[in-house]
Every structure is written in C-alpha cells, then in structure tokens.
Amino acid sequence: MSGGASSRGAGVTPQVAEARRLLRTYLRDHDSGAVAGARRLGSTARSHRDPQVRAELSRLHTEVEEDRRSLAAVMERLDITPDPVKRLAILAGEQLGRLKPNGFLSQRSPLTDVVELEALSMAVTGKLRLWETLEALGPDATLTDPAELRRLRDRALDHRERLGRLHAASAKALTQA
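Following numbering that gives the first Met the number 0, the numbering of the sequence shown begins with 0 at its first residue and continues without gaps.
Take a look at the structure:
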C-alpha cells in the first residue's frame with residue numbers, strides 16, 4: 000500500500016481496497032499532526048516562562064518524538080509514505096497559530112503558556128485516539144504488535160495527565176501575573 004499507488008491488486012476486493020485507502024489517509028493525517036505537534040511542543044519547551052515547566056516539556060518532547068518515530072514505523076510496515084503536502088499545510092497552520100494576539104506586543108504572555116498547553120493537550124488526546132484506533136483494528140490490519148500499541152496508548156495517557164498538571168499550574172499562575 001504505497002503512498003500514491005492503487006491499493007487494488009489481484010485478489011483484493013473493493014471493500015479491502017477502500018479500507019486500505021481510508022487507513023492510509025488516517026495515518027497520513029496523524030503523521031502530519033504529529034510533525035506539527037512535536038514542533039509546537041519543542042517550541043513551547045524552549046519558551047515557557049517557568050523553568051521547571053520548560054524542563055518537563057523538554058522531557059515530553061523527547062518522548063513525543065519517539066512516538067512520532069513509532070507512527071512512522073507503523074506506516075513503513077504498511078508501505079504508507081507521509082504526505083508532503085499535508086505536512087506543509089499543517090506546519091504552515093501551526094506557524095500561523097503563533098501569530099495570534101496575546102495582549103503583549105514584545106514579550107510572552109502568561110496566557111500564551113495556558114493556551115499552548117491546552118493545544119498540546121488536545122494534540123495528545125488525538126494521539127491517544129490514534130493508538131486506540133490502531134488497537135481496535137488489530138494486528139492483521141496494522142502489522143503492529145498489540146503490546147506495542149498498548150504501550151503507546153498508555154504513554155499517551157501519561158502525557159495527557161502530565162500536560163494537565165502543567166496546564167493547571169500555568170492557569171493558576173495567571174492570577175499571579
């Protein structure tokens with residue numbers, strides 16, 4: 000099932016071909032989102048106002064990059080290539096998202112810390128749903144060990160919890176700004 004090649008081959012029913020096409024689209028969408036999410040996480044890790052939060056975000060960034068490589072490995076096993084147009088579009092959108100007014104012209108706003116952590120939490124929830132979906136499809140469809148998908152799902156849950164704690168601390172800091 001290559002990136003742009005037809006999924007119809009000898010002995011492949013139209014239903015199977017359509018299922019493969021949908022999975023290819025789904026994984027490419029998540030791949031593009033993972034690239035943008037990892038980039039945003041890295042940027043937030045470097046720019047957050049609190050040094051302890053920066054350190055935790057840095058650790059999360061390392062783990063998210065590992066998860067991104069895990070997704071790339073799933074795609075490779077399924078002979079699915081990333082979609083460069085989707086990646087470019089989503090990265091452009093991620094860059095445009097940084098231009099939003101935050102009430103401060105020349106410095107980072109405490110509100111930016113909160114909003115970025117909310118966006119990262121939403122991205123991690125999307126990643127969690129990815130691993131849950133691949134688990135539901137099963138190893139025959141994903142060519143991936145169920146134990147590996149459980150590990151990735153559990154790590155996404157951990158990431159969501161950690162980001163939730165960081166978000167709560169940043170939200171509380173708004174009253175002290």
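Positions of the beta carbon are idealized from the N, C-alpha and C atoms, including for glycine.
Everything numeric in this text was worked out from a predicted model, so none of it was measured.
Give the DSSP-derived three-state secondary structure of residue i in the structure shown.
i	result
Thr124	helix
Val113	helix
Thr143	coil
Leu133	helix
His47	coil
Ser57	helix
Ile79	coil
Val11	coil
Arg150	helix
Arg20	helix
Ser108	coil
Assuming the contact rule is C-beta atoms closer than 8 Å, residue i and residue j should be a hit. Round their C-beta distance to whole Å, please.
i	j	result
Val34	Leu90	7 Å
Val113	His166	7 Å
Arg152	Trp130	4 Å
Val15	Leu40	The pair is not a contact, with the Cβ atoms about 36 Å apart (cut-off 8 Å).
Leu22	Ala140	7 Å
Leu56	Ala37	Incorrect: roughly 12 Å between the Cβ atoms, too far for contact.
Arg27	Asp82	4 Å
When burial is assigned at 16 or more other CB atoms within 10 Å of the CB, is residue i buried or exposed?
i	result
Arg76	exposed
Gly10	exposed
Ala72	exposed
Thr24	exposed
Ser31	buried
Met121	exposed
Ser169	buried
Leu119	buried
Lys171	exposed
Val84	exposed
Thr111	buried
Gly92	exposed
Leu148	buried
Asp157	exposed
Thr12	exposed
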